[in-house]
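Numbering (the numbering used here), first residue to last: 481 to 931.
Where is the CB? At the ideal position from N, CA and C, for every residue including glycine.
Bear in mind the structure is a predicted one, so any value in this text is a computation, not a measurement.
Presented below is the structure to which this report refers.
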């Protein structure tokens, strides 16, 4: 009986479901705190613009300290699921500690005799910053680990990875409705700002659950039969290839734009809601519109990559980043009704689906496509270093610096803030469109990077 040599087997139903739940829990943790982290430290902890930038930067600093070590551990030494379990169990404890310290800081600020920070305020602020750093070192690498594990076990990566990853998006959205429509319902003012911290407690508990579940994931052993002793050394040779170098550099600046959005989106939405007299914590729910549309994009991502190629898909994502910032810049630039302001803001949120799916998620698929099997963990870590760590780290300070420039005694000039970000996104579109090869990633995966 003849078989089709080009047919690709499907992943077993059990493994597929295990990976789906893995992604769901992984991004549930992140969805608890990421959309409102900046809003929490802005309104609840009363951080300055640059303190907000530092806090958000520390939440993305993890792989800067060990970008290659994680890949080395996974590729060569320890099973992926065990490293993932350690990251989440320890990270969950740290996140609960951050929630506790945040409440102590709020209490101290409430009882302080003046607005001048005293010793206790400085101590709790430093503790919050330290816990954020330690948590990032543990959590951020877990994003690359879950991607690497999914790519390892999926039979048809281009077709099945977007389907698995979309459950991560669903997991990211769920906390918004769980927290805001249950825990924060009916609250306003100081009571609302204090209660927002529960998001970090939810993240800590979910992280511990994810840690134990990681031990139940399919065994993903390190490769012990490799001749080359240090996988990152092989990975670095990829930077000599134009297509990969362009991807890395443009991704770095796209990551700045991406982080800019997450730094100020919550506070921006809060000001829109205040202008319409809307009380209650609905910023996270509004921002979830982006993740809902992300699900739609992720469902068809594999098809669009095969049909149009990586360049067209990723260029669409870069253009969506630019358009979103332009729409946000229009909200307060002209005299619009509250309804039109909210409509523009929600449209910008929806564009997040194209932003993340067509650029960042497609980028991870592209990296897996071009790398040798024995260095995929290191390759995902290298790409993640620029996407999740270095670009996000710099992006936090860029966002804080721009906001500081355009903040006066009367408030923040949101139009100037967002249009500044739109200008950077436009440069990314231009660079990627001109320099990235049209046929990059469409050929068969390479066995080994060429030197």
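State the CB to CB distance for the pair residue 775 and residue 646, rounded to an integer number of angstroms; the pair is presumed to be in contact (CB under 8 Å). That pair is a contact at about 5 Å.
Identify whether residue 913 lies in helix, strand or coil by the three-state DSSP scheme. Helix.
Tell me which same chain residues have a C-beta within less than 6 Å of the C-beta of residue 773, skipping the five on either side of it? These residues qualify, in order along the chain: 830 and 833.
Neighbourhood of residue 584 by C-beta, 6 Å cutoff - its chain only, sequence neighbours within 5 removed: Beyond the five residues adjoining it in sequence on each side, residue 584 comes within less than 6 Å, by CB distance, of 604 in the same chain, given in chain order.
May I ask you to report which of helix, strand or coil DSSP gives residue 890? Coil, per DSSP.
Taking the alpha helix (DSSP H) that residue 721 falls in, what are its first and last residues? In the DSSP assignment, residue 721 falls outside any alpha helix (DSSP H), carrying neither H nor E.
Does the distance from the C-beta atom of residue 691 to that of residue 559 stay below 8 Å? No; because the gap between Cβ atoms is not below 8 Å, this pair is not in contact.
Indicate whether residue 825 and residue 806 have their beta-carbon atoms separated by less than 8 Å. Not a contact, by the Cβ cut-off of 8 Å.
Would residue 582 pass as a contact of residue 608 if the rule is Cβ separation under 8 Å? In this structure, residue 582 places its C-beta atom within 8 Å of the C-beta atom of residue 608.
Residue span of the alpha helix (DSSP H) that contains residue 580, given as start and end: Its alpha helix (DSSP H) spans residues 560–591.
What three-state label does DSSP hand residue 786 in the structure shown? When DSSP states are grouped into helix, strand and coil, residue 786 belongs to the helix group.
Span separating the alpha-carbon of residue 490 from that of residue 637: Our two residues, residue 490 and residue 637, have alpha carbons roughly 10 Å apart in a direct line.
Taking its Cβ as the centre, do 16 or more other Cβ atoms sit within 10 Å of residue 649, making it buried, or is it exposed? Label assigned to residue 649: buried.
Just checking my contact of residue 809 with residue 899 at CB under 8 Å: how many whole Å lie between their CB atoms? About 4 Å; that satisfies the 8 Å criterion.
Is residue 735 near the ligand ATP - that is, is its Cβ less than 7 Å away from at least one heavy atom of it? In terms of ligand content, the structure shown is empty, and the ligand ATP therefore cannot be addressed.
Quick check on DSSP: helix, strand or coil for residue 739? Residue 739 falls in the helix class under three-state DSSP.
What are the boundary residues of the alpha helix (DSSP H) that includes residue 627? Bounds of the alpha helix (DSSP H) holding residue 627 are 599–633.
Helix, strand or coil at residue 814 according to DSSP, with G and I counted as helix: The three-state reading of DSSP puts residue 814 in coil, since its state is none of H, G, I, E or B.
Residue from 734, 693, 879 and 680 with nearest C-alpha to residue 840: Comparing Cα-Cα distances from residue 840 to each of 734, 693, 879 and 680, the minimum goes to 734.
Indicate the three-state DSSP secondary structure (helix, strand or coil) for residue 636 in the structure shown. Shown here, residue 636 sits in coil according to DSSP, grouped into three states, outside any helix or strand.
For residue 798, the nearest candidate out of 843, 760, 771 and 783 (CA to CA): Minimum Cα distance to residue 798 is reached at 843.
Express the C-alpha separation of residue 911 and residue 615 in angstroms, rounding to a whole number. Near 34 Å, if we compare the C-alpha coordinates of residue 911 and residue 615.
Would a C-beta distance cut-off of 8 Å place residue 838 and residue 738 closer than the cut-off? Cβ atoms of residue 838 and residue 738: not closer than 8 Å.
Return no unless some Cβ of chain B is closer than 8 Å to the Cβ of residue 735. Looking for chain B here will not work: only one protein chain is present.
At what residue ranges does the stretch 671–704 contain a whole run of the alpha helix (DSSP H), taking only runs of 4 or more? Contiguous alpha helix (DSSP H) elements confined to the stretch 671–704 occur at 678–694, taking only those with 4 or more residues.
Taking 7 Å as the limit between beta carbons, can you name the residues of its chain near residue 681, skipping five residues before and five after? Taking C-beta separations shorter than 7 Å and ignoring five residues to either side along the sequence, the partners of residue 681 in its chain run 576 and 579, following chain order.
Would you identify the three-state DSSP class for residue 848, choosing helix, strand or coil? Assigned with DSSP and collapsed to three states, residue 848 falls in helix.
The stretch 614–634 / the stretch 502–513 touching (three or more Cβ pairs under 8 Å): Contact between the stretch 614–634 and the stretch 502–513 is present, because at least three Cβ pairs lie under 8 Å.
Residue 469 and residue 785 look like a contact to me (Cβ under 8 Å); what is the Cβ gap, rounded to whole Å? Because residue 469 is not part of the residues shown, which for the chain are 481 to 931, the question remains open.
Identify whether residue 478 lies in helix, strand or coil by the three-state DSSP scheme. The displayed coordinates of the chain run from 481 to 931. Any statement about residue 478 would go beyond what the structure contains.
With DSSP run on the structure shown, which of helix, strand or coil describes residue 541? In the structure shown, residue 541 sits in coil (DSSP, three-state: anything other than H, G, I, E or B).
If we ignore side chains and look at the alpha-carbon of each, how far apart do residue 721 and residue 728 end up? For residue 721 and residue 728, the gap between their C-alpha atoms comes out near 11 Å.
Contacting residues, own chain, Cβ-Cβ under 7 Å from residue 740 (five flanking each side not counted): Here the set comprises 875, 878, 879 and 901.
Got a sec? Which residues, its chain only, sit under 7 Å from residue 505 by beta carbon, not counting five neighbours each side? Non-local beta-carbon contacts of residue 505 in its own chain, meaning distances under 7 Å to residues more than five positions away in sequence, involve 651, 686, 689, 690 and 693 in chain order.
Tell me, to the nearest whole angstrom, how far the beta carbon of residue 540 is from that of residue 767; I am working on the premise that it is less than 8 Å. Between the beta-carbon of residue 540 and that of residue 767 there is about 18 Å, and that puts the pair past the 8 Å contact cut.
Using a 10 Å radius around the Cβ and a threshold of 16 neighbouring Cβ atoms, would you call residue 524 buried or exposed? When all chains shown are included, residue 524 counts as buried.
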